[in-house]
Amino acid sequence: MQKSISLLGSTGSIGTQTLDVARNLGLRVTALSAHSNVKLLADQCREFKPERVCIGEEKYNEFKLEVNDIDIEILCGDEGLAELASEDESETLVNAVLGMKGLRPTLAAAEKGKKIAFANKETLVAGGKLVTDTVKKGNSVLLPVDSEHSAIFQCIQGKQNKIKKIWLTGSGGPFFGKDYNYLQTVTPEMAIKHPRWNMGKKISVDSASLMNKGLELIEAVHLFDVSPEQVEVVIHPQSIVHSLVEFEDNAILAQLGVPDMRVCIQYALTYPDRMPSNADSLDLFGKNLEFFKYDKAAFPLLEIAQESIRIGGNLPAVMNGANEEAVALFLDHKISFTKMFDLVIDTCESIDTISITQNPTLDDILASDKAAREYVRSHI
Ligand code: NDP
Ligand code: MG
């Protein structure tokens, strides 16, 4: 079991649940970061007593005042995040930052050879091979936190067998069973009401559009070294089976449990051991387990994600950047739910103007992300 962690994104949904797990396991927390939530970050500093903390640049002065009674080193902005990610005090970085902002800290921790408990999927989608190569080169390790990837990781423990196929489950989100016409009218408030999981707003919208499953498919390709064709998405509205792995003899292993991210976070932190958890245990009696194909016509973004990883290079970074921007505009009531689809698709199709690069460097990835965001903003 790991004894000390640094945690980026401590004020978010994954961040606060990670601190719950840290309380349960009695872990030492050496560093915390948040972007805007000064009050909660200050409370966390009082409870966990980290040596260092990082806050968004705009909130630096406000936060400094808030914690002027505590002895703590305060960093800020992107530089601060990367510095915390590569510090020597902790064995493991938990990356629970939202979006592409997590890329530099992930690379910094990987170069240092730290273990990385990894929730921040956008980084792996956009960074792809650059991230996995840096992890290998630095003798680092990625420990998945995302529930599906944690399930797959748990199913392949102790086996040298080749994976034939991954069955990636998804609840279908709040609009499961609805058609495209209905989706044209949905509001951000409807989209962030997930039927099974309580998550941050951005991932909730991604779950509603099924882009989350697309991002997770790409995440699975990189984490488990499989082809996009080996990953099959299956809608499982009960969210009890968190994903399945099929082997060459057609045997399928699955991981089941209540939908509670603390189980996945804890496994990443206790791996390869298991410890008692605060999450409820699953009562199997009376449960139905259903599995459906997803509706391609109503939810086109999942196929776009599949196509983007098939083509590869910087295209997933372009798609991810366009999606992050489009989700922010939708949450801000600036565009409709289905306009998000159009913007992401148009941006990926404009790749001729953005230009495709195989084996992109960090600069290529950041440039692709920027170009995609600019494209989206100039087409609303
Ligand atoms: P939240 O929005 O709840 O939290 C995001 C965290 O990142 C907050 O601490 C926030 O700080 C911080 N943050 C936001 N913007 C920036 C920025 N520009 N720079 C630095 N820090 C920033 O998100 P979630 O916890 O839901 O998700 C975090 C990551 O985990 C995402 O990549 C998501 O896809 C992934 N994930 C989440 C799951 C879930 O159940 N929530 C499940 C699986 C994966 P502040 O609040 O102070 O502004
Ligand atoms: Mg998931």
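Using my numbering, read the sequence shown as starting at 1 and increasing by one per residue. Built from N, CA and C at the ideal position, the CB exists for glycine as well.
Quick one: what does DSSP say Ala6 is sitting in, helix, strand or coil? In the sequence as presented, Ala is not what sits at residue 6; that position holds Ser. Correct three-state label for Ser6: strand.
Under the criterion of a Cβ to heavy atom distance below 7 Å, does Met275 qualify as lining the ligand NDP? The answer is no for Met275.
Starting from Thr347, trace the alpha helix (DSSP H) both ways and give me its first and last residue. In this chain, the alpha helix (DSSP H) harbouring Thr347 covers Phe337 to Glu349.
Quick one: which unbroken beta strand (DSSP E) runs of 3-plus residues sit fully inside the region 74 to 162? Chain order, please. Those beta strand (DSSP E) runs which fall completely within the region 74 to 162 and span 3+ residues are 92 to 95, 115 to 118 and 141 to 144.
Measure how close the beta-carbons of Leu168 and Glu189 come, nearest whole angstrom, since I'm counting them as under 8 Å. That pair is no contact at about 28 Å.
Ser90 beta carbon less than 8 Å from that of Ala31: Taking 8 Å as the Cβ cut-off, Ala31 and Ser90 qualify as a contacting pair.
In the DSSP assignment, find the unbroken beta strand (DSSP E) run with Ser33 in it and report its ends. Run containing Ser33: Arg28 to Ser33, per the beta strand (DSSP E) assignment.
For Val38, name the three-state secondary structure that DSSP assigns. Val38: helix per DSSP, three-state reduction.
Distance, Cα to Cα, Val21 vs His35? Using only the alpha carbons, I get a separation of about 21 Å.
Buried or exposed, going by whether 16 or more other CB atoms sit within 10 Å of the CB of Asn95? Result: buried.
With a cut-off of 8 Å, do at least 3 Cβ pairs link the region 368 to 377 to the region 130 to 138? The region 130 to 138 and the region 368 to 377 do not touch, with fewer than three beta-carbon pairs separated by less than 8 Å.
Does the beta-carbon of Tyr182 have 16 or more other beta-carbons within 10 angstroms, so that it is buried, or is it exposed? Under this definition Tyr182 is an exposed residue.
Which residues does DSSP pair with Arg196 in a beta bridge? Arg196 has no beta-bridge partner at all, per DSSP.
Got a sec: does the ligand NDP put a non-hydrogen atom nearer than 7 Å to the Cβ of Val234? Because no heavy atom of the ligand NDP lies under 7 Å away, the Cβ of Val234 does not count as near it: no.
Could you check the C-alpha separation between Ser243 and Ile70 for me, to the nearest Å? Cα to Cα, Ser243 sits roughly 44 Å from Ile70.
Straight-line gap, Ala109 to Phe285 (C-alpha atoms, nearest Å): Ala109 and Phe285: Cα-Cα distance of roughly 43 Å.
Flag this pair as yes or no: are the beta carbons of Leu302 and Val205 separated by less than 8 Å? Not in contact: Leu302 and Val205 (Cβ atoms no closer than 8 Å).
Just checking, does the region 1 to 20 make contact with the region 253 to 266 on the three C-beta pairs under 8 Å criterion? Enough Cβ pairs lie closer than 8 Å, so yes.
Using 8 Å for Cβ pairs, my map puts Val15 next to Leu25. What's the rounded Cβ distance? One point to set straight first is that residue 15 is Gly, not Val, in the sequence displayed. Gly15 to Leu25, Cβ: 16 Å. No contact.
From the DSSP output, which residues share a beta bridge with Glu232? Partner(s): Trp167.
List the endpoints of the continuous alpha helix (DSSP H) containing Phe285. From DSSP, Phe285 is part of no alpha helix (DSSP H); its letter is neither H nor E.
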